[in-house]
Every structure is written in structure tokens, then in C-alpha cells.
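S.K.: What follows is a single structure, and I will ask about it in a moment.
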Amino acid sequence: MNKHSSSPEETHVLSITSLHRAPRPIPEALEAVHAGFPSVAQDYFFSDFSFDENIITHPATTYAVRVAGDSMQGAGIFDGDLLLVDRALDAEDSDIVIAALDGELTVKRLIAQPGVPPYLHPENPRYPNIAISDLQDFLIWGVVIGNYHFLSRKDSSWRPA
1 MNKHSSSPEE
11 THVLSITSLH
21 RAPRPIPEAL
31 EAVHAGFPSV
41 AQDYFFSDFS
51 FDENIITHPA
61 TTYAVRVAGD
71 SMQGAGIFDG
81 DLLLVDRALD
91 AEDSDIVIAA
101 LDGELTVKRL
111 IAQPGVPPYL
121 HPENPRYPNI
131 AISDLQDFLI
141 WGVVIGNYHF
151 LSRKDSSWRP
161 A
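Final position of the sequence shown in the UniProt record's numbering is 161; the numbers increase by one with none missing.
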């Protein structure tokens, strides 16, 4: 486990966005979407869905970050993704976290097992683990609770204002 300095490809935090806005409900389907044969009974469709009520448990300590880089692709986190991060949660072994290491923000999997010095693990074999030593300035900025990425190239150019 050795510290890896950032390269343009390594995943890091591109921007941080506050979520302190009035909740905006969006329509939610009343029944689950079937991945197999479509159901003709889906005429009774929408109710309101609120991220604040259904996804975000701690609104005052939850924020969004935009990702840059490819070091977390194995965890399904891609360049340009939007991560929801909760600072109220205590990070545990195997959590994906936003960490400040020597003043630089990064997103990695935290490995914190008994009897083993903790380290940050990228989910891409091209990058080495990052050891966390007592000599480094290290702080966990929150636990990643959600990930949004675009499934269409057409949508990938959209960025929040």
C-alpha cells in the first residue's frame, strides 16, 4: 500500500453542491418496472416521490459532489457522476467515502479492518491502494449514499446550474 499522487485519470471530487433547497417532488411509478415482458396494467402510474423523504435521511449534512476520473469504475462510479454524500454517517469498513488527504479530496473505498492499518482502495486495478499514515492530514468528508450517472450520451452534457 503506497500513496499514489493524483493523475488526470485518477478519480477525485470535481465540485461540491449544497442540497439546501426546497424539496421538489418528482413523479414516481406506483409499481416496479419490469425488466422482462412489459405489463399492460401500468395505466395507473404516478404518485409523488421526494428525494428528501425517500433517499436523504440527514438533509442538513447531505451534499452532492461531481466526480472526475476513472479510479472507481469497478464500483460503478464514472467520470461525471453525481454522488450523494452524508456527513452524519460514521464511515465503516468497505464504505465508499469522500476523503481529504493532504488537502486533496478524493472518492475511494475505505478499508478499516482490525489489526490492519486503514487505507483507501480505488476500484480500478490501474491504481494502487493509498495508505493512511499518522503523518498525513486525513479527514473523511462523508459516506457516499447514492450515485447518479447518465445512461445516454445525449444527457451527459447536462450540468446543474
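Yeah, the Cβ is synthetic: ideal placement off N, Cα and C, and Gly gets one too. None of the values given here were measured: they were computed from a predicted structure.
1. Would DSSP call E104 helix, strand or coil?
2. By DSSP, does D52 sit in helix, in strand, or in coil?
3. What's the gap between the Cα of Y127 and the Cα of F51?
4. Beta-carbon within less than 6 angstroms of Q73's beta-carbon, same chain only, minus the 5 sequence neighbours each way: which residues are those?
5. Alpha carbon to alpha carbon, what distance is there between D137 and residue 162?
6. From the DSSP secondary-structure annotation, give me the bridge partner or partners of L84.
7. To the nearest angstrom, how far is the alpha carbon of R109 from that of A99?
8. Grab me the residues of S94's own chain with a C-beta within less than 8 angstroms of its C-beta, minus the 5 sequence neighbours each way, in chain order.
9. Over what stretch of residues does the beta strand (DSSP E) that includes H121 continue unbroken?
M.R.: On the basis of the data shown:
1. Note: E104 maps to strand in three-state DSSP.
2. The answer is helix: DSSP assigns D52 an H, G or I state.
3. 34 angstroms
4. N124
5. Examination of residue 162 is not possible in this model, given that the chain is present from 1 through 161 alone.
6. A64, G146
7. 10 angstroms
8. R109, L110, I111
9. From DSSP, the beta strand (DSSP E) with H121 extends over 119-121.
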